[in-house]
Amino acid sequence: MIEIQDLTVRFGGVTSLNQMSVHFESGTCGLIGPNGAGKTTFFNVLSGFVRPSSGSVRAFGDDLLAIVHYRRARWGLRRTFQTEQAIEELSVFQNVALVHEHGGQAAKSRRADVLDAMSFVGLDADPEAKVGTLGVGQRRLVEVARAVVGRPKLVLLDEPAAGLPDVETSALAEVIRQIPARTGALTILVDHDMSLVSACCETTAVLDFGELIASGPTAQVLRDERVMRAYLGTAEVA
Ligand SMILES: Nc1ncnc2c1ncn2[C@@H]1O[C@H](COP(=O)(O)OP(=O)(O)O)[C@@H](O)[C@H]1O
Ligand SMILES: [Mg+2]
């Protein structure tokens, strides 16, 4: 369980998160909100790129903000980014193995763990192929494989389905749904695709202008009037 208490982030005059308090219990949890709502900032706080001006994060009993950012991977934090992080000149295997190594996992299980992560996400590319030679869909799966390899405790997915065709999004949904059961990690999914969020997440939290405006069972949250209003111009979210 992740317990967020009164989390505030300011950049100069901009308040990107304003006293956000919420619990992410277990399984795959959604985090939605219009552009600029603070979703990526929240992930940046968890992964240590951004220091909040106040607030606390307890993750499975640990004070996450007290762990220096480069040790958080070792602790079990994994994330994907809105922009690809895989290194084009390296092979698929090397890209996933790098995260395994940084995550402090035993070298002797590395090969098996990397191949297992590739197979779990449905990546059927040659492990020795350079990432730069892969198509968009496969590259996205490399990013997800990097987020689930080894023994993650907390997996943060930042718009993993953006720009993917529907068929590939459905396949990805199936993978995302299975991450908690397969790896034991609590997973937080940020995405604009409400059908993906509905398919993957039993519970969802909603940010708008840095404020938490709703959280609870996904279907209920998507019907919430404040949530619908936050998505300007849309009569309904899903
Ligand atoms: N490093 C930064 N410096 C200044 N402002 C930032 C920075 N990161 C985010 N912001 C601002 O914080 C707000 C939330 O951004 P972000 O978390 O990226 O939103 P989302 O991911 O929900 O689209 C935006 O107004 C954005 O411009
Ligand atoms: Mg973002």
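Note that this note's numbering numbers the sequence shown so that position 7 is 7, with each residue one more than the last.
Backbone N, C-alpha and C fix where the C-beta goes; we use that ideal spot for every residue, glycine too.
None of these values were measured; they are calculated from a predicted model.
{"Query": "According to the neighbour-count rule (16 or more other Cβ atoms, all chains shown, within 10 Å of its Cβ), is N35 buried or exposed?", "Result": "exposed"}
{"Query": "So, are the CB atoms of V190 and A145 less than 7 Å apart?", "Result": "no"}
{"Query": "Hey, how far is the Cα of S198 from the Cα of E101?", "Result": "33 Å"}
{"Query": "Only counting runs of 4 or more residues, tell me where the alpha helix (DSSP H) segments fall wholly within the segment 167-205, in order along the chain.", "Result": "194-200"}
{"Query": "Quick check on G12: buried or exposed, where buried means 16 or more other Cβ atoms within 10 Å of its Cβ?", "Result": "exposed"}
{"Query": "Only counting the same chain, and skipping five residues up and downstream in sequence, which positions put a Cβ closer than 8 Å to that of P52?", "Result": "L7, T8, V9, L17, V45, L65"}
{"Query": "What's the gap between the Cα of F42 and the Cα of E159?", "Result": "13 Å"}
{"Query": "With H, G and I counted as helix, E and B as strand and the rest as coil, what does DSSP make of Q105?", "Result": "coil"}
{"Query": "Does the beta-carbon distance from Q173 to L196 come in below 7 Å?", "Result": "What sits at residue 173 in the sequence shown is Ala, not Gln. Closer than 7 Å, so yes."}
{"Query": "Roughly how many angstroms separate the alpha carbons of G216 and A205, rounded to a whole number?", "Result": "7 Å"}
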